[in-house]
Amino acid sequence: MNNADIKVLLVDDDEMIRDCVAAYLEDEGFSVYCVASGEEALQLIAAIRPAVCISDMRLSGMNGEEFIVTAHTLSPETCYLIHTGMMYCLSDELHAIGMSADDVLLKPIHDLSKLVNKIKQCAAIRRCTQ
Amino acid sequence: MPHSDIAKQVHKHKKTLLDILDTLPSIIVRVDRNGRINLVNRRFEQFSGITAAEAKGKLLQTLIPQFAGELQQVAVVIDCKSPLTNARIQSGSGANLRYYSLQIYPLDSDVSGMAVIRIDDITEHVRIEDIMAQTEKMIMISGMAAGMAHEINNPLGAILQHAQNIERRVSADIPANRKAAAEVGADLDLIRAYMQKRGIFDFISHIRSAGIRASDIISNMLHFSRRCDSGTEYIKLSELLDRVVELAGTDYDMKKKYDFPRIELQRFYAADLPPVQMSVTEIEQVVLNVIKNAAEAMADAGMERQPRITLRTRLSEGMAQIDIEDNGPGMDEATRLRIFEPFFSTKEVGVGTGLGLSVAYAIVTKGHHGLIEAHSRPGAGSCFTIKLPLKGRG
Ligand SMILES: Nc1ncnc2c1ncn2[C@@H]1O[C@H](COP(=O)(O)OP(=O)(O)O)[C@@H](O)[C@H]1O
Ligand SMILES: [Mg+2]
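Read top to bottom, the protein sequences are chains A and B.
So the first sequence is numbered by this note's numbering: it starts at 308 and just counts up by one.
So the second sequence is numbered by this note's numbering: it starts at 59 and just counts up by one.
What follows is the structure, encoded as structure tokens:
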């Protein structure tokens, strides 16, 4: 699969974070979509059906957890990753939709190539299960 | 009973008493009111380097002058018939700083006018108390740091990731870079040559390592407080250790700086060990910190022998025990006593944060009601022992 075929949706209220992660992922050839809130992301997600959605936890408006739980009902085949600056423990709801501790990435990510590997892994799994 | 038998009996009893005194880990001395010695045990001989025969009749305060101040009280203790305790006496300084407790008891028998002195080395005990107090403090600070972490980690992320973006956008390997350079009438190779000449690549890589350093300090600070209250699982120690070894193998620093793949790993896992209840991510962190230290110590020592880490698990007095042993340079006693202190590091500034083992200590003792200890001698490697209750965090 070509990286351009892999759609990645970034949800973060910090523009700096959206920009720097997006720049890297775009250089890798992924199709990257950025939004600043969970509400905006929900409007998009059903239309683009991203392979991977990377969401911050602390967002203005709905928080990351609420967002992912709702987004999962709209786009269940998307692989959700959490990108947060706080120590975060997965809630029961997120466990229930199949997320594990490996899906929580703590900011700052030291080396974005690790994120790239994670995205490719997720995309590969998605392809197999489809 | 014939006289000679009685003498034999007396001799036997005396011998038994002396054996008991010699078995005790304390220094025991019997003196008269002037401090003149008439009996010492073996521990005294070892401590002072003076044999019992030599010591007899000498003034105790001249043989162990570091305790002379306290020993002035001997006569008072004998006269008042009430014992005296001094719980914390400092002796030496810097690397030789040690703590002792000293007790003087009036001898309550027909041989009056005598006192028994007992001295114990409580250095380890005092150290543990200090470390506990400091750990408590760190846990408190950690709670406050958690609130700040979010604010700090976002800008740090931007710094680190944009530094990485800059590196990539001047990289010769990405075709888009050549194309963009050509569009503005520049040659990427010349741009790279200029950057090289002016040390700019080094600047960028320094931004990255400085960012990682700052981020490590923050994440270590956060590890003092509990991460997931819900997150306890039963896991086999063998599985956990294998996972950490794999994690260490993919760690950038471990590969580049500490040559982790060159280290020989030996694993001896007890078959009869049941799964242990714990916060897996936390104990993984503990084991990773200890393994990293071993790799760092062995790399720093530039060892000629094959570097080796040995992992062992076993059941020990109802607890699950992990031993992590290296054949590196080891450490002296003064260092060993301080390694669990927050911010204690013998590494260069910028290399060590001194938080790795103090985090490990907090997680094991506070978070899991377990124990963590280090055994080491200079030149003889180090062995870290972690003991966890089987139902650690219920
Ligand atoms: N395996 C080891 N061999 C030798 N010394 C060690 C070992 N592990 C830890 N140490 C000592 O303990 C100190 C504290 O370790 P740590 O708390 O992890 O902080 P740091 O690694 O940042 O220095 C180290 O600086 C080192 O002196
Ligand atoms: Mg360390």
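Don't be surprised by glycine CBs; every beta carbon is placed ideally from N, CA and C.
These numbers were taken from a predicted model, which means no experiment stands behind them.
The C-beta of B:N212 comes closer than 8 Å to at least one C-beta of chain A.
The chain-ordered list of residues whose CB is nearer than 5 Å to some heavy atom of ligand 2 reads B:N351 and B:G414. Secondary structure at A:V359: strand, using DSSP grouped into helix, strand and coil. Against chain B, the CB of A:H417 has a partner CB under 8 Å away; the residue lies at that interface. The beta carbon of A:S407 sits closer than 8 Å to those of L397, all from its chain and outside the five residues before and after it, given in chain order. Of the other Cβ atoms in all chains shown, 16 or more fall within 10 Å of the Cβ of A:S362; this residue is therefore buried. In terms of Cβ geometry, B:A173 and B:S159 do not form a close pair [threshold 8 Å]. In this structure, B:S416 has its beta carbon less than 7 Å from a heavy atom of ligand 1. For B:K445, no alpha helix (DSSP H) segment is defined; the enclosing uninterrupted segment is the beta strand (DSSP E) at S440 to P447. Using beta-carbon distances, A:I324 counts as an interface residue toward chain B, with a partner under 8 Å. Taking a Cβ-Cβ threshold of 7 Å, the residues of chain A close to B:H208 are R365, G392 and M393, in chain order.
Residues of the segment 326 to 350 of chain A whose Cβ lies closer than 7 Å to any Cβ of chain B, in chain order: C327, V328, A330, Y331 and D334.
Distance from the CA of B:Q324 to the CA of B:L373, rounded to the nearest whole angstrom, comes to 18 Å.
Here B:G307 is exposed, its C-beta having fewer than 16 other C-beta atoms within 10 Å.
Runs of the beta strand (DSSP E) lying entirely within the segment 216 to 302 of chain B, each at least 3 residues long, are 291 to 293 in chain order. Against chain A, a Cβ distance below 8 Å from B:N223 picks out C327, A330, Y331 and D334. Inclusion of B:Q219 and A:L419 in the CB contact set at 8 Å is warranted, their separation being smaller than that value. For B:D384, the distance from the CB to the nearest heavy atom of ligand 1 is below 7 Å. If the five residues before and after B:S296 are omitted, its C-beta is found closer than 7 Å to the C-beta atoms of Y327 and T371, all from its own chain and listed in chain order. Collapsing the DSSP output to three states places A:E384 in coil. When beta bridges are read from the DSSP output, B:S434 appears opposite B:S440. Using a Cβ-Cβ cut-off of 8 Å, A:D321 counts as an interface residue toward chain B, since at least one Cβ of chain B sits closer than that to its own. For A:A353 against A:S382, the beta-carbon gap comes to about 6 Å, under 8 Å, which counts as contact.
For B:I270, at least one C-beta of chain A is nearer than 8 Å to its own C-beta. Per the Cβ contact rule, the segment 261 to 276 of chain B is in contact with the segment 209 to 219 of chain B (3 or more Cβ pairs under 8 Å). Residue B:A221 holds the alpha-carbon nearest to the alpha-carbon of B:H264 among B:L429, B:E375, B:A221 and B:A392.
If you keep only unbroken alpha helix (DSSP H) runs of at least 4 residues inside the segment 301 to 326 of chain B, you get 310 to 314.
The residues R226, in chain order, have a CB closer than 8 Å to that of B:I232 in the same chain once the five nearest residues on each side in sequence are set aside. Contact fails between the segment 186 to 195 of chain B and the segment 147 to 156 of chain B, because fewer than three Cβ pairs, one in each stretch, are under 8 Å apart. Under the rule that a run must span 4 or more residues, the alpha helix (DSSP H) segments found entirely inside the segment 376 to 436 of chain A read 399 to 403 and 419 to 436.
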